[in-house]
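Trainee:
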Amino acid sequence: MPKLEFGKVLSPNGKNIGLPNITFKYDNCTPYLNSIGKHVIGDVQNITISQYACSDQVAVTVLWTANPIGIEFLKGFRVILEELKSERRQCQQLLLKDPKQLNSSYKWTRVESQPFLNLKFETDYFVKIIPFPSIKNESNYHPFFFRTRPCELLLQPDNLVCKPFWKPRSLNITQQGFTMHVSFDHAPHNFGFRYYYLHYKLKTDGQFKQKMCKQEKKTDVTTCILQNVSPGDYIIELIDDTNTTRKSMHYVLKPVHSPWAGPIRAVAITVPLVVISAFATLFTVMCRKKQQENIYSHLDEESSESSTYSASLHVERQQPRPKVFLCYSSKDCQKHINVIQCFAFFLQDFCGCEVSLDLWEDLKNCKEGQKEWLHRKINESQYIIIVCSKGMKYFVEKRSWKHKRSKEKDTGKGELFLVAIATIAEQLRHAKQNSRDLCKFIAVYFDYSCEESVSSSSGLGEDEPPLLATTKSLVPGICKAELHCCIHTEELQAIAPL
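Quick note on numbering: the sequence shown equals residues 1 to 498 in UniProt numbering.
#1: Hey, Tyr200 and Tyr234 are a contact pair by Cβ (cut 8 Å); roughly how many whole angstroms apart?
#2: Report all residues from its chain with a CB closer than 7 Å to the CB of Leu84; omit the five preceding and five following residues, and keep chain order.
#3: On the premise that Ser170 lies in contact with Phe184, defined as a C-beta separation below 8 Å, what is that separation, rounded to the nearest angstrom?
#4: My understanding is that Val339 touches Phe446, with C-beta atoms under 8 Å, so please give their C-beta distance in whole angstroms.
#5: What residue range does the alpha helix (DSSP H) around Arg89 cover?
#6: Comparing alpha-carbon positions, which option in Lys120, Lys247, Ile80 and Phe73 lies nearest Gln51?
#7: Can His181 and Thr222 be called in contact, C-beta distance under 8 Å?
#8: Does Ala425 pass the burial test, meaning 16 or more other C-beta atoms within 10 Å, or should it be called exposed?
#9: Return the CA-CA distance between Val274 and Ile173, expressed in angstroms with no decimal places.
#10: Less than 8 Å between the C-beta atoms of Ile135 and Val44, yes or no?
#11: In terms of DSSP beta bridges, what is Phe77 paired with?
#12: Mapping DSSP to helix, strand and coil, what is Phe208?
#13: Terminal residues of the continuous beta strand (DSSP E) containing Glu354?
#14: Measure the C-alpha to C-alpha separation of Ile69 and Leu96 and round it to an integer number of angstroms.
#15: Could you compute how far the alpha carbon of Phe144 sits from the alpha carbon of Asp240?
#16: For Val229, which of Cys342, Pro131, Pro115 and Val252 has the nearest alpha-carbon?
#17: Taking only runs that begin and end inside the region 224–249, name each unbroken beta strand (DSSP E) of 3 or more residues, in chain order.
#18: Can you tell me which of the three DSSP states Ser330 falls into?
#19: Out of curiosity, what's the CA-to-CA distance linking Ser113 and Pro188?
#20: What residues are listed by DSSP as bridge partners for Phe183?
#21: Alpha carbon to alpha carbon, how far is Cys342 from Leu438? Give it in angstroms, no decimals.
#22: How long is the line joining the alpha carbons of Arg110 and Leu198, rounded to whole angstroms?
#23: When DSSP builds the beta bridges, which residues end up paired with Phe126?
#24: Name the DSSP beta bridge partners of Trp64, please?
#25: In the DSSP assignment, what are the bridge partners of His199?
#26: Just grab the DSSP bridge partners of Thr423 for me.
#27: Mapping the DSSP letters down to three states, classify Asn46 as helix, strand or coil.
#28: Considering only their Cβ atoms, is the gap separating Cys54 from Leu117 smaller than 8 Å?
#29: Count the other CB atoms within 10 Å of the CB of Ser105; is the residue buried (16 or more) or exposed (fewer)?
#30: In this structure, does DSSP put Arg376 in helix, strand or coil?
Right under this line is the structure:
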């Protein structure tokens, strides 16, 4: 009888027959050029799969018989095994050693492959056996489909390989003094674990110590506390209550050098900080109270001085109060209007003037009419103060008040200051022509404006030098030189609050 190498050739009754020796070798599944021939060789027949467990995986062997069609041209077989849902392949070649011409008497001879290893449990595969050399290519041969058996059928049901495999994703260990806190996530509920055990020991010790940890129900993490643990290098193992899965790790418990470690140290730091903060707060409150007392006393002194000054002013002023007409633009903003009102308060209370504001919104109910009121106030006033601003300059220079009056029906609100400017400019021209005293006309601007805000158009400076700001004491008979005048709102606010 011929000897078999790697491959097995068996008769139906299990005895070897006179088939030539077969050489087996693994294949890298690349195209095999020697498989192409000039004759047709039929598909193999009676394919069966033999399955068994190899460690924690499945191994299979393939058995088949040759087809009588073209058997006389047969020189070997190529076996391809592939997972159905992937492209992973394993290939083997079985070559006839010392090939010679076969006949139909070998059609019942069973051929067995070498084991295909590293297969998965309960997974679909197919095997394709290609005889060569044949005129048919690989795609013309039909595959044989099969499914690997479950783990419980190939192994014992109690085998650890067949049980659900679980290890905690996270196993965290923290130290607080001489206490270790071991935290880990739970296994899924279908695993049925109720308790966990911590086995821990120093590397130098022989036996493990055990700590039982009951699974916490309301959270996904359980924490086990190991108290009064000596410093050192520990081996810690987490085991479920069925002792089927475990996870181990190393942890070095550091020695505690100071008795102030942990919560005691936190309290020792927090309490002094709280006491210091309380003293600092008390000191700040006392200082502020003292400062407020000084401010109030200083204000009382200033108030008494102001009252004395006002009384003396009232005694000194026996003559009539000078009349002042205050012209300003109501088109800037509300803050500008507030400053104007503050300025009028200053002129009235501290300079003893009778001030008329061009409050156009209050003139609609005036019986004599707006323009008549305007001309009368300008003619009656001993001083005319024009408060120059960006809004005043814009509306005077860029727009003609006649053009605006033709486009807007309501000219009462915010428009008559243009009429006032024109009237004042006309009086100024007459005064210049008749060589009259120009001290009556005063142009001022506040510190948030600039000297360029003094308009030189629309008659205010036409054919004459620009109208300059003039500082005056506002007492009749006193007229100083013409100067550019800027009024500071901070000083004004200190005297007459906004």
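Where a beta carbon is used, it is the ideal one built from N, C-alpha and C, also for glycine. None of the values given here were measured: they were computed from a predicted structure.
Mentor: This is what the structure gives:
#1: Reading the sequence shown from its first residue, position 200 is the one you call residue 200. Reading the sequence shown from its first residue, position 234 is the one you call residue 234. With a Cβ gap of about 6 Å, Tyr200 and Tyr234 count as contacting.
#2: The sequence position of residue 84 within the sequence shown is 84, counting from 1. Only Asp124, Tyr125 and Phe126 meet the Cβ criterion.
#3: Here residue 184 corresponds to residue number 184 of the sequence shown, with the count starting at 1. Here residue 170 corresponds to residue number 170 of the sequence shown, with the count starting at 1. With 8 Å as the limit, Phe184 and Ser170 qualify as a contact, their Cβ atoms being about 7 Å apart.
#4: In the sequence shown, residue 339 corresponds to position 339, counting from 1. In the sequence shown, residue 446 corresponds to position 446, counting from 1. The beta carbons of Val339 and Phe446 sit about 6 Å from each other, so the pair counts as a contact at 8 Å.
#5: As a working note, residue 89 is residue 89 in the sequence shown. From DSSP, Arg89 is part of no alpha helix (DSSP H) but of the beta strand (DSSP E) over Arg89 to Leu96.
#6: Residue numbering aside, residue 51 sits at position 51 when the sequence shown is read from its first letter. It is Lys120 whose Cα lies nearest to the Cα of Gln51.
#7: The residue labelled residue 181 in the question sits at position 181 within the sequence shown. The residue labelled residue 222 in the question sits at position 222 within the sequence shown. Cβ atoms of His181 and Thr222: not closer than 8 Å.
#8: To locate residue 425, count along the sequence shown from 1; it is residue 425. So Ala425 ends up on the buried side.
#9: Residue 274 sits at position 274 when you count from the first residue of the sequence shown. Residue 173 sits at position 173 when you count from the first residue of the sequence shown. Val274 and Ile173 have their C-alpha atoms spaced approximately 32 Å apart.
#10: By 1-based counting over the sequence shown, the position of residue 135 is 135. By 1-based counting over the sequence shown, the position of residue 44 is 44. Contact: no.
#11: Numbered from its first residue, the sequence shown carries residue 77 at position 77. In the DSSP secondary-structure assignment, Phe77 is bridged to Leu94 and Pro131.
#12: Counting from 1 along the sequence shown, the entry for residue 208 is found at position 208. Of the three classes helix, strand and coil, the one that applies to Phe208 here is coil, per DSSP.
#13: The residue you call residue 354 lines up with position 354 of the sequence shown. Annotation: the continuous beta strand (DSSP E) that includes Glu354 extends over Glu354 to Leu357.
#14: Numbered from its first residue, the sequence shown carries residue 69 at position 69. Numbered from its first residue, the sequence shown carries residue 96 at position 96. Within the model, the alpha-carbon separation for Ile69 versus Leu96 is close to 17 Å.
#15: One-based indexing of the sequence shown puts residue 144 at position 144. One-based indexing of the sequence shown puts residue 240 at position 240. If you take the alpha carbons of Phe144 and Asp240, they lie about 43 Å apart.
#16: For the purposes of this step, residue 229 is identified with residue 229 of the sequence shown, where counting begins at 1. Put simply, of Cys342, Pro131, Pro115 and Val252 the residue whose alpha carbon is nearest the alpha carbon of Val229 is Val252.
#17: Entirely contained in the region 224–249, the beta strand (DSSP E) runs reaching 3 residues are, in chain order, 232–240.
#18: Within the sequence shown, the letter at position 330 stands for residue 330. In the three-state reduction of the DSSP assignment, Ser330 falls in the coil class, being assigned neither a helical nor a strand state.
#19: Position 113 of the sequence shown, counting from 1, holds the residue named residue 113. Position 188 of the sequence shown, counting from 1, holds the residue named residue 188. Rounded to whole angstroms, Ser113 to Pro188 spans 42 Å at the Cα level.
#20: In the sequence shown, residue 183 corresponds to position 183, counting from 1. Residue identity check: residue 183 is Ser in the sequence provided, not Phe. Its beta-bridge partners are Asn172 and Thr223.
#21: Taking the first residue of the sequence shown as position 1, residue 438 is located at position 438. Taking the first residue of the sequence shown as position 1, residue 342 is located at position 342. Their Cα atoms are separated by approximately 26 Å.
#22: Locating residue 110 in the sequence shown gives position 110, counting from the first residue. Locating residue 198 in the sequence shown gives position 198, counting from the first residue. Arg110 and Leu198 have their C-alpha atoms some 56 Å from each other.
#23: Counting from one through the sequence shown, the residue named residue 126 turns up at place 126. Answer by DSSP bridge pairing, in chain order: Glu82 and Phe145.
#24: Taking the first residue of the sequence shown as position 1, residue 64 is located at position 64. Residue pairing by DSSP puts Trp64 in a beta bridge opposite Val111.
#25: Walking along the sequence shown from the start, residue 199 turns up at place 199. Answer is Gln210 and Glu237, bridged to His199.
#26: Working through the sequence shown from its first residue, we reach residue 423 at position 423. Its beta-bridge partners do not exist; DSSP assigns none.
#27: For this step, residue 46 is matched to residue 46 along the sequence shown. Secondary structure of Asn46 (DSSP, three-state): strand.
#28: As a first step, residue 117 must be located in the sequence shown, where it is residue number 117. As a first step, residue 54 must be located in the sequence shown, where it is residue number 54. In this structure, Cys54 lies closer than 8 Å to Leu117 by Cβ.
#29: Counting from 1 along the sequence shown, the entry for residue 105 is found at position 105. Residue environment analysis places Ser105 among the exposed positions, since fewer than 16 neighbouring C-beta atoms fall within 10 angstroms of its C-beta.
#30: Counting from one through the sequence shown, the residue named residue 376 turns up at place 376. It is helical.
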